[in-house]
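Working notes, structure below.
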Amino acid sequence: MTENPPRVLSGGHVGPVDASVLPRFAGPATFARLPRIDEVSDLDVAVVGVPFDAGVSYRPGARFGTSHVRESSRLLRPYNPALDVEPFGRQQVADAGDIAANPFSIEEAITEIERGARHLLERSNRLLTIGGDHTIALPLLRAVAAKHGPVAVVHFDAHLDTWDTYFGAAYTHGTPFRRASEEGILDRSGCMHVGIRGPLYSSADLTDDVELGFQIVHAREMEDIGTRGVVERIRERVGDRPVYVSVDIDVLDPAFAPGTGTPESGGLLSRELLAILRSFATLNLVGADIVEVAPAYDHAEITGIAASHAVYELLSAMAFREADTRVGTVDASTRAPQFRQSAPAGRSDAAATGGPAGASTTSSS
C-alpha cells in the first residue's frame with residue numbers, strides 16, 4: 001500500500017499530501033488533501049463539514065455538498081500568488097471530518113451542530129465550515145459568539161435569510177440571521193448582506209432586515225461600484241470587529257453556480273466573489289461557512305470548484321492576518337496586497353510588492 005505523506009511547509013506546518021508522491025485524483029478526499037485533525041498536534045483552523053439540509057424550502061441535496069466541495073478541492077495548491085501567502089504554511093489547517101446532525105429533527109440537529117462546533121473551538125482558533133444548507137449558520141454563530149462575543153456578519157447570498165417563520169417553522173435555511181439577531185449574538189452595528197437580488201414577498205422584508213441590523217449591497221450595484229466599492233463599504237461597516245463570513249453559493253449567478261437549491265438570475269461572477277473574499281485579509285475573521293452547494297444540479301463540478309476556491313481564499317485571508325511581520329491592505333482592483341513594510345528575511349523583493357515570490361515550495365501539478 002502506497003504511503004501518502006503530508007507535506008511539511010514553511011513554518012513547520014503539516015500541509016496537503018505531496019502531489020509528486022500521490023496524484024491529485026488519488027487518495028481520500030479531505031479538503032485540499034489536507035491532513036486529518038488526528039494527524040496534527042496544534043491547530044489554527046479546522047475545516048469541518050456539516051452535511052445537513054433538512055431546512056431547505058425548495059430543491060434539496062445540500063447534504064451532499066460537503067463531500068462534493070472536498071472532492072472539488074483536489075487541485076488547490078499550497079501557495080496563493082494573489083496574496084503572496086501560503087494558507088497552509090502560515091497556519092496549521094486540518095480537515096476535522098463532519099459534525100453529525102439528526103436529519104429528521106431540525107431543532108435537535110441545531111443543538112448537535114452547536115455542540116460539535118464548540119468542541120472543535122476548544123482545540124482550533126477558527127472553524128471554516130462546509131455545509132449543508134444555511135440553517136447551520138445559526139448554531140455555528142452561537143458557538144463562535146460563545147468564544148468571541150457578538151460578531152459582525154458579512155453574508156453573501158441572493159436572499160436575506162431574515163424571514164421570521166416559514167410554514168410556522170422558526171428554524172429553516174431562510175431564518176438563521178433573524179434568530180441570531182434576536183438572540184443577541186450579532187453585532188448589529190456591523191452586519192451586511194452582499195449580492196441580494198430577486199423578487200421578495202413584500203417591501204416589509206427589507207424593512208424588517210434593517211431593523212435586525214443589516215445593510216445591503218444589492219447584486220445590481222456591482223455594475224456601478226464594482227468590487228472595489230463593495231470592499232470599501234464592507235470595511236467601513238465592520239471595522240475591526242470580530243467578523244464571521246457566511247457564503248451561500250447562490251450569491252453567484254447560476255451560470256457559475258448551477259448546483260444550488262434556490263438559484264436566482266443576475267448574480268455575482270465567481271471572479272468578483274473571490275476578489276472580495278481575498279480583500280478580507282485585513283479583517284478580523286473569526287470564522288466562516290460556505291453553504292447550499294447541491295451537487296445533483298451541478299455540471300462538471302462548476303459549483304463545487306467555485307465553492308472550494310471560496311474556502312481557499314478565506315483560508316488565505318486568515319493566514320494573511322496571522323502574518324505579524326507584514327502589515328498590508330488589499331487592493332480590490334489589482335487583487336494583490338500593498339505592503340507598508342519590507343519583506344521579512346528570506347523572501348524576495350517581488351513578494352514585498354505583491355508580486356510572485358522568488359521561490360516557491362509548491363509543485364507544478
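What the sequence shown shows, in full-length UniProt numbering, is residues 1 to 365, in sequence order. A virtual CB, placed ideally from N, CA and C, is assigned to each residue, including glycine.
So residue i and residue j are in contact, right, with Cβ under 8 angstroms, and what is the actual spacing, rounded?
i           : j           : result
residue 29  : residue 71  : 5 angstroms
residue 46  : residue 94  : 6 angstroms
residue 155 : residue 246 : 5 angstroms
residue 99  : residue 56  : So it is not a contact: roughly 18 angstroms between Cβ atoms.
residue 261 : residue 59  : 4 angstroms
residue 230 : residue 284 : Actually they do not touch by this definition, with Cβ atoms about 18 angstroms apart.
What do you get for residue i, buried or exposed, if any count of 16 or more other CB atoms within 10 angstroms of its CB means buried?
i           : result
residue 135 : buried
residue 292 : buried
residue 44  : buried
residue 375 : Any answer about residue 375 is impossible in this case: the structure gives the chain only from 1 up to 365.
residue 264 : buried
residue 113 : buried
residue 217 : buried
residue 298 : buried
residue 236 : exposed
residue 220 : exposed
residue 53  : buried
residue 203 : exposed
residue 33  : buried
residue 42  : exposed
residue 184 : exposed
residue 39  : exposed
residue 36  : exposed
residue 313 : buried
residue 74  : buried
residue 241 : buried
residue 123 : exposed
residue 137 : buried
Under a CB-based cut-off of 8 angstroms, is residue i close to chain B?
i           : result
residue 308 : The chain inventory of the structure shown lacks chain B, comprising one protein chain alone.
Whole angstroms is fine: what's the gap from residue i's alpha carbon to residue j's?
i           : j           : result
residue 116 : residue 142 : 11 angstroms
residue 12  : residue 287 : 23 angstroms
residue 207 : residue 85  : 41 angstroms
residue 89  : residue 165 : 44 angstroms
residue 181 : residue 170 : 13 angstroms
residue 201 : residue 130 : 29 angstroms
residue 104 : residue 224 : 44 angstroms
residue 251 : residue 21  : 37 angstroms
residue 87  : residue 167 : 43 angstroms
residue 326 : residue 199 : For residue 326, the predicted model reports a pLDDT of 36, less than 50, meaning its position is unreliable and no value from the coordinates is stated.
residue 191 : residue 215 : 7 angstroms
residue 23  : residue 81  : 22 angstroms
residue 91  : residue 211 : 38 angstroms
residue 120 : residue 107 : 20 angstroms
residue 228 : residue 195 : 14 angstroms
residue 310 : residue 76  : 11 angstroms
residue 65  : residue 239 : 32 angstroms
residue 255 : residue 272 : 14 angstroms
residue 176 : residue 189 : 18 angstroms
residue 267 : residue 157 : 9 angstroms
residue 149 : residue 140 : 13 angstroms
residue 128 : residue 249 : 15 angstroms
residue 319 : residue 178 : 30 angstroms
residue 365 : residue 303 : Confidence in residue 365 is poor, its pLDDT being 47 and thus under 50, which makes the residue's placement too unreliable to answer from.
residue 226 : residue 290 : 22 angstroms
residue 294 : residue 19  : 28 angstroms
residue 125 : residue 321 : 13 angstroms
What residues match up with residue i in a beta bridge as DSSP calls it?
i           : result
residue 155 : 193, 246
residue 218 : 196
residue 260 : 293
residue 303 : The partner list for residue 303 (beta bridge, DSSP) is empty, contrary to what the question assumes.
residue 95  : 36, 47
residue 102 : Its beta-bridge partners do not exist; DSSP assigns none.
residue 169 : 166
residue 269 : Partner(s): none; residue 269 has no beta bridge.
residue 8   : 14
residue 287 : 244
residue 186 : 151
residue 252 : 268
Check whether the Cβ of residue i lies closer than 7 angstroms to any heavy atom of the ligand GTP, and answer yes or no.
i          : result
residue 50 : With respect to small molecules bound, the structure shown includes none, and the ligand GTP cannot be examined in it.
Checklist entry - Unbroken alpha helix (DSSP H) runs of length 4 or more, entirely within the segment 54 to 85: which are they? => result Fully enclosed alpha helix (DSSP H) runs of 4 or longer: 65 to 71.
Item to check | alpha helix (DSSP H) runs wholly inside the segment 116 to 158, at least 4 long, in chain order | outcome: Complete alpha helix (DSSP H) runs here, min 4: 137 to 148.
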